[in-house]
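First the structure, in the form of structure tokens, and then the observations on it.
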DNA sequence: CTGTCATTCAATAGATTTATTGAATGACAA
DNA sequence: TTGTCATTCAATAAATCTATTGAATGACAG
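Chains as they are written, first to last, in this note's numbering: chain A, 822 to 1041; chain B, 822 to 1041.
Right, here's the structure in full:
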């Protein structure tokens, strides 16, 4: 094999990965799977795809070895193939955020009430956890909380927040987190909580990023 | 804008980046530009693309803001848009290497004589540089050496190596580097040098990775 | 000016990707 | 066995991507 044929081969192999990443629905699926394993139907529902279409996108990701699947009972659970997949997704997120003013703008427009929304870093939260002076609120869907969540966090999915507000104390600081920086649930929750007189702030980034730093997580 | 429309927007913006990455020629161009800025014609020549085709791929990369261009004299110099682009490429390389057994196999097949080829890490090389007990050999094309190279490295492009072997001393250790882990020039050079009785080893990864760690580089 | 050179643009045919549809599969339950 | 359910497969039309061609642009040199 000559050098050109060799280069074509390696860059084509690499492009097999980037081609699989080159679709908005598949990126959304990866971002979702970063929360933990999920069956096709849940993935389809969360991403507003038909089951058939979601399955087809999952095949593409699987052929590129970005996800793997395992049958459990009636369901086929998909998960990220390994840590490198999440790390690559993080690199892409950073790149998107730094290169793409539209992306930044989009997110800031949507969070237009964000002024004054306080963001606390993982290390600050750890400190508060040690002193037991904080309530940690996981606003992701309950299924994702059940797979894994930040130690001592309580589950209160975004969609139930308003009607279950009374479960939360007004006098203790609340730190809210969700799927990650591309997810707005935590922002919206903090905004609502502050409006109703709670002391709420948002955790920087989201659950998978916390877990990737080997910070304390809990599994049910 | 509802939540679904918002999600579609952000993941589509992200996919704008991954779509631009989803082509083998464009990956090869990025890998090349990691060495430093280059005009269209050089890029076309190094990647075996027609100038028109290379230009078209460069437009795609530019629209995704992965590269930027600047006119200098008669030439339009393209370069990576910023450090995040290179870091994302590194993440993809790691991912490819870990997920894709074929890629690994391809490279190892091509380097079939690699057995016994010694690889030294950047920190080991730094140590040797301090003690001045090593010759550092840059086997990339001279243009790329001229843009920037490891401190005190000498240029001896792969294609001229055999006829200029006599410029190298037999009794001092030689460390060879090239464009990066997907480039075989350094491996081939080390192999040839060892066969001819020189004491040669290869630097782990390549020049852009060295530079990204802020290790000492030199510009002509 | 006029010509040259590096690059981009526009048009296009062929290849690939995508969402949809409906049928097929294969585990489990009755 | 039969039916149900979750998922995959196969076929297809529409959309998108790609390489090639040849013309257009725009800086610079004589």
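No residue lacks a Cβ here, since even glycine has one placed at the ideal position from N, Cα and C.
Between residue 1023(A) and residue 961(A), the alpha-carbon positions lie close to 13 Å from each other. If the five residues before and after residue 922(A) are omitted, its C-beta is found closer than 7 Å to no C-beta atom of its own chain.
Put simply, the CB of residue 1029(B) is far from chain A, with every gap to its CB atoms at 8 Å or more.
Close CB contacts of residue 942(B) within its chain, under the 7 Å cut and outside five residues either way in sequence, are with 1025 (chain order). For residue 897(B), the enclosing beta strand (DSSP E) stretches over residues 896-901. For residue 1030(B), the enclosing alpha helix (DSSP H) has its first and last residue at 1028-1033. Only those residues of the stretch 895-918 of chain A whose C-beta falls short of 7 Å from the nearest C-beta of chain B are listed: 902, 903, 905, 906, 908, 909, 912, 913, 915, 916, 917. Of the candidates 1006(A), 846(A), 884(A), 846(A) places its Cα closest to the Cα of residue 868(A). Residue state for residue 1000(A) is assigned as coil, using DSSP reduced to three classes. Taking CB atoms only, residue 1023(B) has no neighbour in chain A less than 8 Å away. Note on the stretch 948-1013 of chain B: whole beta strand (DSSP E) runs with a minimum of 3 residues are 955-959, 994-998, in chain order. Counting of Cβ neighbours within 10 angstroms places residue 981(B) among the exposed residues, the total staying below 16.
Residues of the same chain with their beta carbon placed closer than 7 Å to that of residue 913(B) are lacking, with the five preceding and five following residues left out of the count. Where residue 926(B) is concerned, the enclosing alpha helix (DSSP H) starts and stops at 922-931. For residue 1027(B), same chain residues with a beta-carbon under 8 Å away, outside a window of 5 residues either side, are 998, 999, 1000, 1001, 1002, 1004, 1007 in chain order. A Cβ-Cβ contact shorter than 8 Å links residue 996(A) with residue 955(A). Taking 9 Å as the upper bound on Cβ-Cβ separation, chain B lies near residues 885, 886, 887 of the stretch 878-892 of chain A. For residue 891(A), the enclosing beta strand (DSSP E) has its first and last residue at 888-893.
By the C-beta density criterion, residue 839(A) is buried, having at least 16 other C-beta atoms within 10 angstroms. Residue environment analysis places residue 993(B) among the exposed positions, since fewer than 16 neighbouring C-beta atoms fall within 10 angstroms of its C-beta.
Judged by pairs of C-beta atoms under 8 Å, the stretch 857-877 of chain A touches the stretch 896-907 of chain A, as three or more such pairs exist. Contact with chain A is absent for residue 1001(B), since none of that chain's Cβ atoms lies less than 8 Å from the residue's Cβ. For residue 1024(B), the secondary structure class from DSSP, reduced to helix, strand or coil, is strand. In summary, the residues of the stretch 845-859 of chain A whose CB is separated from some CB of chain B by less than 9 Å are 845, 846, 847, 848, 849, 852, in the order they occur in the chain. Straight-line spacing of the CA atoms in residue 987(B) and residue 929(B) works out to 29 Å. No Cβ of chain A is located within less than 8 Å of the beta carbon of residue 1012(B). One finds 869 in chain B with Cβ atoms closer than 7 Å to the Cβ of residue 825(A), taken in chain order. Contact between residue 1033(A) and residue 907(A) is confirmed by a C-beta separation of about 6 Å, below the 8 Å threshold. By the neighbour-count criterion, in which 16 or more other beta carbons inside 10 Å mark a residue as buried, residue 1029(B) falls on the buried side. By alpha-carbon distance to residue 835(B), the top candidate from 835(A), 843(A), 831(A) is 843(A).
DSSP lists 899(B) as the beta-bridge partner residues of residue 859(B). Identification of residues in the stretch 828-841 of chain B having a C-beta nearer than 9 Å to some C-beta of chain A yields 828, 829, 830, 831, 832, 833, 834, 835, 836, 837, 838, 839, 840, 841, given in sequence order. Taken in chain order, no unbroken stretch of beta strand (DSSP E) lies wholly in the stretch 835-881 of chain B with a span of 3 residues or more.
If the five residues before and after residue 878(A) are omitted, its C-beta is found closer than 8 Å to the C-beta atoms of 844, 846, 847, 850, 870, all from its own chain and listed in chain order.
Residue 1038(B) carries a strand assignment under DSSP once its states are collapsed to helix, strand and coil.
Counting of Cβ neighbours within 10 angstroms places residue 893(A) among the exposed residues, the total staying below 16.
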